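What the sequence shown shows, in full-length UniProt numbering, is residues 1 to 520, in sequence order. Beta carbons: idealized from backbone N, C-alpha and C, even for Gly. Values in this document were obtained by computation on a predicted structure and should not be read as measured data.
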Amino acid sequence: LVSALASSDLSISHIEAFVVALKITFNISPLISNLWWGSVQLLLMVCLPTTDLMREVARLLQELDLALPQLNEFFDHLDASHSGAKRFDTLIIKLYTQIVCFCARSIRFFRLIWILGILLRHSRLEFSNQQERSLEILQRLSKEIEQERDAIQLKIGKVDEEVLSMMMTRQLLESPGTVKLPCFHAPFTINERFYKRENIISQIEAYLNPKTSSTQLKSLSLFGLRGVGKTQIALQYTYQCRHLFDAVIWIPADTHLTMSQNFLAVGQHLSLTPKDTRVRDPAGVMTTVKAWLSDTPCRWLLVFDNADDLDIFKYGWPGGVMGSILITPRDFAAGHTFASTGIHINTFNDEDGSKAILSMTRLPKNNANKLMAKEMNAILGGLSLALNQMSGFILSRKLSLQQFLPLYKRNKDDIDGRKTAATGAGDYNHTLGTVWEVSLSKLSGEAAKLQRLLAFLQPDEINEAFLVSGAQVLADTDDSHALAFVAREMSLLDAEQILMQAALVEKSEISLCLSVHRLV
Numbered sequence: 001l002v003s004a005l006a007s008s009d010l011s012i013s014h015i016e017a018f019v020v021a022l023k024i025t026f027n028i029s030p031l032i033s034n035l036w037w038g039s040v041q042l043l044l045m046v047c048l049p050t051t052d053l054m055r056e057v058a059r060l061l062q063e064l065d066l067a068l069p070q071l072n073e074f075f076d077h078l079d080a081s082h083s084g085a086k087r088f089d090t091l092i093i094k095l096y097t098q099i100v101c102f103c104a105r106s107i108r109f110f111r112l113i114w115i116l117g118i119l120l121r122h123s124r125l126e127f128s129n130q131q132e133r134s135l136e137i138l139q140r141l142s143k144e145i146e147q148e149r150d151a152i153q154l155k156i157g158k159v160d161e162e163v164l165s166m167m168m169t170r171q172l173l174e175s176p177g178t179v180k181l182p183c184f185h186a187p188f189t190i191n192e193r194f195y196k197r198e199n200i201i202s203q204i205e206a207y208l209n210p211k212t213s214s215t216q217l218k219s220l221s222l223f224g225l226r227g228v229g230k231t232q233i234a235l236q237y238t239y240q241c242r243h244l245f246d247a248v249i250w251i252p253a254d255t256h257l258t259m260s261q262n263f264l265a266v267g268q269h270l271s272l273t274p275k276d277t278r279v280r281d282p283a284g285v286m287t288t289v290k291a292w293l294s295d296t297p298c299r300w301l302l303v304f305d306n307a308d309d310l311d312i313f314k315y316g317w318p319g320g321v322m323g324s325i326l327i328t329p330r331d332f333a334a335g336h337t338f339a340s341t342g343i344h345i346n347t348f349n350d351e352d353g354s355k356a357i358l359s360m361t362r363l364p365k366n367n368a369n370k371l372m373a374k375e376m377n378a379i380l381g382g383l384s385l386a387l388n389q390m391s392g393f394i395l396s397r398k399l400s401l402q403q404f405l406p407l408y409k410r411n412k413d414d415i416d417g418r419k420t421a422a423t424g425a426g427d428y429n430h431t432l433g434t435v436w437e438v439s440l441s442k443l444s445g446e447a448a449k450l451q452r453l454l455a456f457l458q459p460d461e462i463n464e465a466f467l468v469s470g471a472q473v474l475a476d477t478d479d480s481h482a483l484a485f486v487a488r489e490m491s492l493l494d495a496e497q498i499l500m501q502a503a504l505v506e507k508s509e510i511s512l513c514l515s516v517h518r519l520v
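See the structure below:
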């Protein structure tokens with residue numbers, strides 16, 4: 001309803017009249033109507049002057065809608081005297097408070113755009129970070145509310161409508177001829193210029209091959225730095241081994257919105273939901289697709305791309321015991337929370353990097369070019385994204401490696417910020433100038449201080465003991481020094497964990513050394 005209202009061509013008077021009618025028709029209490037619908041009404045009124053702002057608001061409200069709990073008719077059955085009612089009311093008030101804060105920040109931000117007529121980059125980044133944190137809080141509160149709802153329903157003997165829906169869905173799926181197969185759902189085509197890492201693709205195929213065992217769920221994670229090539233490797237495997245599966249489903253798992261939209265497309269592709277009707281419950285479609293994955297004897301592959309936020313992608317994880325799942329997180333811990341095993345995707349060494357560069361640039365594989373390609377790989381730190389984009393730069397401008405290397409050294413920042421058309425369809429959205437921007441902007445406190453400290457050191461094999469001993473000298477002189485925390489064991493480990501979760505550093509559990517990519 002909110003999304004439709006945001007995308008409609010309405011005047012201020014129309015919105016005011018609609019909200020008043022809504023309050024009267026559904027007998028909404030003033031507390032709820034003033035907090036919730038009043039906030040939405042103000043947000044829509046502020047953004048009415050321009051179509052672009054309304055589209056942006058519609059997107060924000062869709063993300064907000066996906067973060068809210070599913071309560072259906074629960075309030076009609078809740079007795080105020082019930083032992084859980086007081087805690088439930090407290091959680092609901094917290095939820096409404098966060099919604100109001102969400103809308104208030106949006107109103108302030110969009111009014112600034114309307115008045116000034118510009119969108120400052122740092123303002124957009126700060127606003128996005130604030131709203132992302134609000135959505136995380138809303139998702140946590142929604143989970144608590146739904147858990148409390150389930151506990152109350154069990155006590156009062158009410159049957160959850162979602163359970164009934166799941167049962168009906170499974171009965172539907174058991175009837176023959178319902179599902180349309182084969183199904184291949186991928187968001188973009190393969191990049192033919194991508195240098196195949198056949199050894200890794202072979203490892204993935206050996207583990208996820210449905211022919212080796214069709215009676216157990218096989219799950220594998222590809223983890224590593226941003227831009228190291230995880231998505232492209234997964235995409236190569238998806239296309240190369242699609243013949244092994246009846247259904248191949250690729251789900252971007254970076255936000256609730258993109259995940260639900262892709263599950264909706266999959267449900268329509270499989271004919272689990274009609275294509276010619278407007279679906280009002282994307283969460284219900286996701287449940288239907290997951291139910292089918294849990295029950296079907298078909299061979300299927302499910303890929304969760306950019307699965308960094310466990311609170312998001314866990315909602316898409318099917319509950320069955322069969323099938324193959326491939327996930328691409330940056331963080332080792334995130335991948336292994338759900339996957340049974342994983343492969344660490346490293347940067348290219350000089351030998352493999354040289355082969356990749358010459359393959360992508362289509363330059364002669366003579367000794368002179370091989371030596372120059374090895375130097376280029378070393379400068380770029382063997383990062384797949386860097387090799388791909390710089391090869392595209394060389395190819396599109398018909399440069400030799402002898403011309404490119406001195407040019408890059410003189411104009412590094414300028415070239416790093418460019419994304420060439422030669423990188424191919426479906427390629428990584430970031431350039432070398434932006435790939436770590438979001439992760440770095442989210443750092444704060446001791447993690448940010450540690451990252452800045454590491455930036456001054458040689459990036460490979462930074463010994464932890466060296467850091468601790470140096471920080472201890474500072475702490476002995478001045479315990480309040482900004483880097484004194486490095487000498488405290490738990491503080492250092494906590495800061496390291498945050499950097500590793502953001503894929504900004506890697507750590508060897510054997511040597512206890514930290515490594516930072518030289519382009520970070």
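Under 8 angstroms between C-beta atoms of residue i and residue j
i           : j           : result
residue 522 : residue 141 : A query on residue 522 cannot be resolved here, the shown segment of the chain reaching from 1 to 520 and no further.
residue 265 : residue 313 : no
residue 99  : residue 221 : no
residue 487 : residue 446 : no
residue 88  : residue 148 : yes
residue 249 : residue 344 : no
residue 324 : residue 449 : no
residue 251 : residue 304 : yes
residue 439 : residue 232 : no
residue 401 : residue 369 : yes
residue 316 : residue 259 : yes
residue 190 : residue 235 : yes
Beta-carbon separation (whole angstroms), residue i vs residue j, contact threshold 8 angstroms
i           : j           : result
residue 239 : residue 201 : About 10 angstroms separates the two Cβ atoms, so there is no contact after all.
residue 245 : residue 300 : 6 angstroms
residue 396 : residue 374 : With a Cβ gap of about 23 angstroms, residue 396 and residue 374 do not count as contacting.
residue 241 : residue 192 : With 8 angstroms as the limit, residue 241 and residue 192 do not qualify as a contact, their Cβ atoms being about 17 angstroms apart.
residue 362 : residue 393 : With a Cβ gap of about 14 angstroms, residue 362 and residue 393 do not count as contacting.
residue 474 : residue 481 : 5 angstroms
Beta-carbon proximity list for residue i, same chain, < 6 angstroms, skipping 5 on both sides
i           : result
residue 311 : 139
residue 270 : 179, 180 and 183
residue 318 : 290, 293 and 294
residue 386 : 380 and 432
residue 472 : 487
residue 461 : 513
residue 516 : 454, 459 and 505
residue 302 : 249 and 325
residue 282 : 260 and 264
Own chain, CB closer than 7 angstroms to residue i, minus 5 neighbours either side, in chain order
i           : result
residue 520 : 436 and 504
residue 130 : 105
residue 336 : 221 and 342
residue 215 : 322
residue 91  : 141, 144, 145 and 148
residue 464 : 512, 513 and 514
residue 382 : 347, 348, 349 and 353
residue 195 : 356, 359 and 360
residue 285 : 263, 264, 267, 273 and 279
residue 457 : none
residue 542 : The structure shown does not extend to residue 542, since the chain spans only 1 to 520, so no value can be given for it.
residue 329 : 221, 223, 307, 308 and 335
residue 288 : 169, 267, 272 and 273
residue 210 : 244, 245, 299 and 324
Test: residue i CB closer than 8 angstroms to a CB of chain C
i           : result
residue 369 : Here there is only one protein chain, and chain C is not present.
Cβ neighbours of residue i in the same chain (closer than 8 angstroms, five flanking residues each side left out)
i           : result
residue 331 : 223, 308, 500, 501, 502 and 503
residue 478 : 484
residue 442 : 129 and 502
residue 227 : 383, 384, 385, 386, 428, 430, 432 and 435
Unbroken stretches of the beta strand (DSSP E), 3 residues or longer, contained in the stretch 264 to 306: Under the rule that a run must span 3 or more residues, the beta strand (DSSP E) segments found entirely inside the stretch 264 to 306 read 300 to 305.
Segment contact, 8 angstroms Cβ cut-off, at least three pairs: the stretch 346 to 366 with the stretch 378 to 394: Between the stretch 346 to 366 and the stretch 378 to 394, the count of C-beta pairs closer than 8 angstroms reaches three or more; the two stretches touch.
Beta strand (DSSP E) runs contained entirely in the stretch 444 to 516, provided each spans 3 or more residues: The stretch 444 to 516 contains, as complete beta strand (DSSP E) runs of 3+ residues, the segments 513 to 515 (chain order).
Uninterrupted beta strand (DSSP E) stretches inside the stretch 190 to 258 (no shorter than 3 residues): Taking 3 residues as the minimum length, the beta strand (DSSP E) runs contained wholly in the stretch 190 to 258 are 217 to 223 and 247 to 252, in order along the chain.
4-residue-minimum alpha helix (DSSP H) runs that sit fully inside the stretch 367 to 418, ordered along the chain: Complete alpha helix (DSSP H) runs here, min 4: 367 to 379, 384 to 397, 401 to 410 and 412 to 416.
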